[in-house]
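S.K.: Okay, handing you the structure first.
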Amino acid sequence: MRHTATRRNERGHTLVELLVAIGVLGLVTAGVFGQLNTAAQRIYTEQIKVDNFDQARDFVDQFFRDINQIGYPNGRIVINTGWSDTRVAVGLVSISPTSIWFEGDTTGSGVVQEVMYKINGSGNCALCFQRSAVAKTANPPLNQLANADWGTEVNDLITPIIFTYFDANGSPLTPLAGGSTLANDASTLAKVKTIHISLTIQDPNVTDPKTHQQIQTSFEGEVSLNNCSLAANGFNPMSCQ
């Protein structure tokens, strides 16, 4: 029996086809890496916002804890020892759009604290929102700042108005220029019922890698309080009954 061998013609990819395949692969790879880069940029931006948001939230939580302890002791207790008594907190001492100052037993220890929140309280950090809480001394309320001990609560704060004040009817209260205090505007302090807080954080050294704009994070909060300011009607009784 005779066998006849046959050869089939075999044909590979042409150079043009290979170049087209490489080009398509390159486009797909570029698209994938482009999306990964965009995702990385968004993750970076969102992480900055989350960090700023946490910073603002921690501050607001601290403020709410402090302000809810305003005044001491309870208004039903009759005390006639005077405003300078270290055992007595007069409540609100001073308010302005960028600061608030009050007295209260914020630690629950029975020791009255002078608590102030203020932009650049120390004078060394223009964009820092700072807090001071020190034990009250035997001096009138407005003579307590000599012992202030400032610590930074929020960095890179650009909000022009942080605190907005409202009375029991929801009407806005306007502090005097330079701040309303027990000495110059006691009637306004006595009306404060609600405090609205607005914070906007923007680090000038951090930008969004995609938009090249500085990253802003905003946070707002609101608290209603028993206004224990002795400005309401003198020393006795207190106004937070």
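Residue numbers (the numbering used here): 15 to 255. Yeah, the Cβ is synthetic: ideal placement off N, Cα and C, and Gly gets one too.
Please classify A103 as buried or exposed, where buried requires at least 16 other C-beta atoms within 10 Å of its C-beta.
M.R.: Here residue 103 corresponds to residue number 89 of the sequence shown, with the count starting at 1. It is buried - the Cβ of A103 has at least 16 other Cβ atoms within 10 Å.
S.K.: Determine whether the beta carbon atoms of P155 and L196 lie at a separation below 8 Å.
M.R.: Numbered from 1 along the sequence shown, position 141 holds the residue referred to as residue 155. Numbered from 1 along the sequence shown, position 182 holds the residue referred to as residue 196. Contact: yes.
S.K.: DSSP three-state call for V148: helix, strand or coil?
M.R.: Locating residue 148 in the sequence shown gives position 134, where the first residue counts as 1. Strand, per DSSP.
S.K.: Quick one, which of G118, E117, K132 and V34 has its alpha-carbon nearest T173's?
M.R.: Counting from one through the sequence shown, the residue named residue 173 turns up at place 159. Out of G118, E117, K132 and V34, K132 has the C-alpha closest to the C-alpha of T173.
S.K.: What does the alpha-carbon distance come out to for the pair F77 and V42?
M.R.: For this step, residue 77 is matched to residue 63 along the sequence shown. For this step, residue 42 is matched to residue 28 along the sequence shown. Answer to the nearest angstrom: the Cα atoms are 52 Å apart.
S.K.: Which of helix, strand or coil does DSSP assign to T121?
M.R.: Against the sequence shown, residue 121 aligns to sequence position 107. Correct three-state label for T121: coil.
S.K.: Quick one: measure Cβ to Cβ for S98 and N161, integer angstroms, because I've assumed they're closer than 8 Å.
M.R.: Reading the sequence shown from its first residue, position 84 is the one you call residue 98. Reading the sequence shown from its first residue, position 147 is the one you call residue 161. Going by Cβ atoms, the distance from S98 to N161 rounds to 14 Å, so no, they are not a contact pair.
S.K.: Based on Cα-Cα distance, which residue from V38, W164 and G192 lies nearest to F143?
M.R.: Sequence index remark: in the sequence shown, residue 143 carries index 129 (1-based). Considering only alpha carbons, the answer is W164.
S.K.: I need the straight-line Cα distance from I91 to G85, nearest angstrom please.
M.R.: Position 77 of the sequence shown, counted from the first residue, corresponds to residue 91. Position 71 of the sequence shown, counted from the first residue, corresponds to residue 85. Reliability fails at I91, whose pLDDT of 49 lies under 50, so the model's placement of it is uncertain and no value is given.
S.K.: Using the DSSP secondary-structure output, state which residues sit across from F180 in a beta bridge.
M.R.: On the sequence shown, position 166 is the one that residue 180 refers to. BP columns for F180 point to P186 and T208.
S.K.: Okay, do the region 31-46 and the region 198-216 touch, 3+ Cβ pairs below 8 Å being the bar?
M.R.: Segments in contact, no.
S.K.: Identify whether S201 lies in helix, strand or coil by the three-state DSSP scheme.
M.R.: The sequence position of residue 201 within the sequence shown is 187, counting from 1. Here S201 sits in helix by DSSP.
S.K.: Going by the CB atoms, is the gap between Q127 and G256 shorter than 8 Å?
M.R.: Look at the range of the chain in this structure, 15 to 255, and you will see that residue 256 is not part of it.
S.K.: Can you tell me whether D75 is buried or exposed, with buried defined as 16 or more other CB within 10 angstroms of its CB?
M.R.: Position 61 of the sequence shown, counting from 1, holds the residue named residue 75. That one is exposed.
S.K.: From S146 to L159, what distance separates their C-alpha atoms?
M.R.: Here residue 146 refers to the residue found at position 132 when the sequence shown is read from its first residue. Here residue 159 refers to the residue found at position 145 when the sequence shown is read from its first residue. Approximately 9 Å between the Cα atoms of the pair.
S.K.: Just to confirm before moving on: does the CB-CB distance between I81 and I175 stay below 8 Å?
M.R.: As a first step, residue 81 must be located in the sequence shown, where it is residue number 67. As a first step, residue 175 must be located in the sequence shown, where it is residue number 161. For I81 and I175, no; Cβs fall outside 8 Å.
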